[in-house]
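According to mature numbering (1 follows the signal peptide of the UniProt record, and there is no 0), the residues represented by the sequence shown are -19 to -1, 1 to 971, in order. We put the CB at the ideal spot given by N, CA and C, even for glycine. Note that this is a predicted model, so its numbers are computed, not measured.
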Amino acid sequence: MRLALTALFLLTLAIPATAQQHIAPTDPKLPADELKTFKLPPGFEAQLVAADPDIGKPIQLAFDAKARLWVTTSRHYPFAAQGKASDKLYILSDFGPDGKARKVTTFADDLNIPIGVLPLPDCDSCLVSNVGSIIKLTDTDGDGKADKRETILTGFGSDDTHGMMNSFVYLPDGWVYACHGFRNASTIKAKDGSEVKMQSGNTFRFRPDGSRVEPWTFGQVNPFGMTVDPWFNLYTADCHSKPITQLIRGAHYDSFGKPHDGLGYAPHVTRHDHGSTALCGLTWYDADQFPKEYNGFMFLGNVVTNRINCDKIIWKGATPEGAEQPDFLVSSDPWFRPTDIKLGPDGALYFADFYNRIIGHYEVDLKHPLRDKDRGRVWRIVYTGKDGKGAVPKMAFTDLKTEPVEKVDHLLGSPNLTVRLLATQELIRRQDKYKFSKPESDLQFAHRLWLRVSENATDKSSRFLSSDEIGNVHDERVYTAIRENARQKGIKEAAEERKFVNLHGQYARAVVDGIIAVPTADDVSLLVKLLHETPAEDVVLRHAARVALRNCLRDTDGWAVAEKADPAVIADVALGVHDKKAAAFLLKQLQAGQSDPRFYQHVARYGDDAQTTAAFEVLKAKQTEQPAGVLGVQALYRGLQARGAALPAAAPPVIADVCTTALNHADAGAIQAAIDLAGGLKLASLYEPLAKFAGRKDRSDAQRGAALAAQIAIDPAKAAPAIGKLLSESATKPAIRERAVQALAGSNQPAARDALVAALQTAPAKLAGVIATGLAGSPQGAGALLDLVKAGKASALLLQDKAVSTKLLAQDGGRLKPRVDELTKGLPSPDAKTSATIAARGTAFRKTMGDVEKGKLVFTQKCAVCHQLGGQGAKVGPQLDGIGNRGADRLLEDILDPNRNIDAAFRATIVTTLDGRTITGQLVREEGQVLVIVDSNAKEQRIEQKDVDKKATSPISVMPANFDTAIPEPDFYNLLAYLVEQRAKDGAGK
């Protein structure tokens, strides 16, 4: 089931009291009244820092070395300014005991949807995102307003304006780390020629002067919010997958249908979803203003459920696991939208409130007049004690630039992470030749180590050894930064012997991160040993070690060492090394008796013809072993497709024998592989076995339908009449009739088209809609459909179906529109009919309400093939965690009229092949020379690029708009009841 749902900043109408509206029904509140809606744990207090009209709509925040708060705001959002831009960047300062910023300065007023912001250590300049670029703004004359603008990086996509470049984090290694948001495609080139290409969710890093840019991680859907912990591990919040993810450099994270790198997807910190998929602006709490039990908590904004969530981080080795806590702040004001959270130098939590009636980027028309443009607030949360008499939080400094070096050095050991970071950057900026006294704490010692690093530092000879883990962790990270500087300057490293003790926990993670950054062949043995010794539950360290080992094999001469290491460990990682050396190693494993299909696919895709032939010889010897034989053949074939290479000449007869055997096997995967191979390779000897298989009632509808499609692919002239006869027989199971239509329509052969035309004239309404949709997908079929309607042999109502009309109007640049208009003249509006159906189903649901447990089963059967909910199901379409927040009314629209609100990332792709076939579905990825499309039956269709004639994006969803008939009405209400239950939990501070 394809629910065309986007859970990115969405609100919806509701039946349950806890559900959220996509357009808030209330009027806006004044800040004082909004404050009254906040529920916090005992002893905590929210305070207003700034509000409209002094500031606009805040998006992200950042503190500088003068303890000032920089705030990006936008009135242009969601549309980038086409003429003169006027969005503003503010600086808030002089905070009173009540949190109020007594000074508000407009640093820039000519920006275009600024999101990410980073004040630089000089406090006179900043980096800020600006549609399409990252720019540097500088105040050169000291009047508090930017008068100089420089472009640092450009080439960022901006098709989607609600993520873009965001959440800049500047670490003492001299790099700025940032998120790249949903759907946009960007190609960024730095001054030194380094280039990064990104599509949709990614993270990257760059030098503040734009001299270099590098990828950091790959994947996630819409990362919006980044923070760092005391050990300098980075974390992101993702607005559409998991609330919290700790980043592993070079790792791939799950996204919509995107492949991983061969190592699998890296793990997340949280398994729960906080009742929403719109989490953003996270921060790590490490300070002493809150009670000490809050240290090691992470806070993140939930703009859909109008609250701030929190998780306690529990460590399993180097792996952080988020233990869900009661919501920290809950607001009953549906306008409350916490988009960013920062730990202040006073220990308070500061957060941006993008105060708005509407937050949904896709769920509500971007031009909707009720989108608020002017209101916004910045708040802070302080701990005042349960008696309300706690000390007023104070900034740890006034201006680090003017503080004596001894004071700044002292602040390196501050209990406040924000203070430590700012003080470290200040001492790096000064480059003072200061003689340090004995460190006052392990934290101070750890941060002093970073003074050895600047962008020009290459000397790594001076290293330290601490008795405390955090000192050793930072020493290792400093060592890595210096080695990277040397490498980038072309300085060849001298060989050195490194010994490690107690290689576990955060220290092990820092060592592994260093190897990821600068791998050597000598590290292979260490990493293999580490993987043997690291417990299975330490999933982050294990994945990081696998990435590091991959880099050693890919980027160094590590294979000489790897050949002598544990072959199971090396083979697991070799899948992520895309070259002939890795293929050669995996081929040896196959020849030694391994039968992992992934090994065959890797050899075929990344090896050469000789290696592929050798792998095929292994398969020949195992052709009677099922399911291993057919799965191995399928994997080998897919690898060759991705490489754009042909099968060995001797392969087809052997494959035919393997497939014939597999068709009679009990394993469903083996059967499907045999059918796919037979159709893809047009194996003539499989035609009759497939015909018999398609008639077997003990096989699944999906398998029987696939067998019909394979018959058409092998011999369309012979198959079309037979399948047409099956289609025309009323005794044929409805699901099989629909599969027969899809098989015939996909071929676009004259005989197949004739069979569809004949069947349409006597088909019942539901089947007629399926046939009409199939015919409309090709010029010849579209013409035949219109001829039938004109002759009165098919209903004109078919032409009003969105799936049918969209395909018709896409033919030959819309030349069929006059005919369609003429044939549908006088018919009632299709939108009115759909709205009536939605209203009727809503009324009936309110009376029956449905059975939640039965609805869960319907979801598993019909929806989980494309959608993930509660960690179960596929991630082809949007995740549905927290979908109940939309309420029943909106869910009815999404299910019964999926084309009403479509995220552009989930529009159907229509591919026409050179032999006339038409494939419609969700384009989920490209594997080398192969397009992978998931059709409306949730089945992957693989099309070689060389066979593609045309590829176009349709304005409709892949999800069929026929679920009023596709799901029995009682099951429909059960499904709706289950989905409505999937919503945020109530409660705060419990």
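Nearest CA to the CA of residue i: which residue from the options?
i	options	result
V311	I339, K323, G298, F280	F280
S917	K843, G909, I924, T946	K843
K273	P396, V386, A655	P396
K673	A626, L707, Q412	L707
R867	D952, R964, T399	R964
I225	R429, M207, R130	M207
Y234	S181, R188, F332	S181
D267	A259, G328, P301, T946	G328
G452	L769, A543, P211	P211
So, is residue i buried or exposed, given that buried needs 16 or more other C-beta atoms within 10 angstroms?
i	result
D553	buried
S442	Unreliable positioning characterises S442 in this predicted model, as indicated by a pLDDT of 49, which lies under 50. The coordinate reading is nonetheless provided below. The residue in question, S442, is exposed, as its Cβ has fewer than 16 Cβ neighbours within 10 Å.
G858	buried
E719	buried
Q622	buried
R827	exposed
M(-19)	Its pLDDT being 35, under 50, M(-19) is placed unreliably by the model, and the measurement read from it follows with that caveat. Buried.
N203	buried
Q572	exposed
T300	buried
T399	buried
L11	exposed
I472	exposed
Does the Cβ-Cβ distance between residue i and residue j come in under 8 Å?
i	j	result
L134	A171	yes
L612	A637	no
L756	L780	no
Q41	D334	no
A784	C847	no
I96	M145	yes
A845	V961	no
G238	V905	yes
F278	Y364	no
I652	Q684	yes
T641	P670	yes
D91	A66	yes
N111	H57	no
N290	F309	yes
G394	S422	yes
K69	T87	yes
R624	R586	yes
G256	T286	yes
G620	H559	no
R338	L347	no
Q792	P760	yes
G610	V639	yes
H3	R822	no
May I ask which residues mark the beginning and end of the alpha helix (DSSP H) holding residue i?
i	result
T818	811 to 829
I496	486 to 498
S728	715 to 728
V454	450 to 469
Which residues bound the beta strand (DSSP E) around residue i?
i	result
L70	68 to 76
E925	921 to 925
E907	899 to 908
S106	106 to 111
A218	215 to 219
F199	194 to 200
Q842	No beta strand (DSSP E) holds Q842; the alpha helix (DSSP H) holding it covers 833 to 843.
V209	204 to 209
P39	39 to 44
Alpha helix (DSSP H) runs contained entirely in the segment 355 to 427, provided each spans 4 or more residues: If only complete runs of 4 or more residues are kept, the segment 355 to 427 shows the alpha helix (DSSP H) at 386 to 392, 398 to 411, in order along the chain.
Whole runs of the beta strand (DSSP E) within the segment 235 to 287, excluding any shorter than 3 residues: 260 to 265, 278 to 283
Contained alpha helix (DSSP H) runs [length at least 4] in the segment 727 to 758, N- to C-terminal order: Fully enclosed alpha helix (DSSP H) runs of no fewer than 4 residues occupy 731 to 741, 746 to 756 of the segment 727 to 758, in order along the chain.
Those runs of the beta strand (DSSP E) which lie wholly inside the segment 77 to 158 and span at least 3 residues: Runs of the beta strand (DSSP E) inside the segment 77 to 158: 82 to 92, 98 to 100, 106 to 111, 114 to 119, 129 to 135, 146 to 151.
Unbroken stretches of the alpha helix (DSSP H), 4 residues or longer, contained in the segment 653 to 696: Fully contained in the segment 653 to 696 are the following alpha helix (DSSP H) runs of length 4 or more, in chain order: 668 to 675, 682 to 695.
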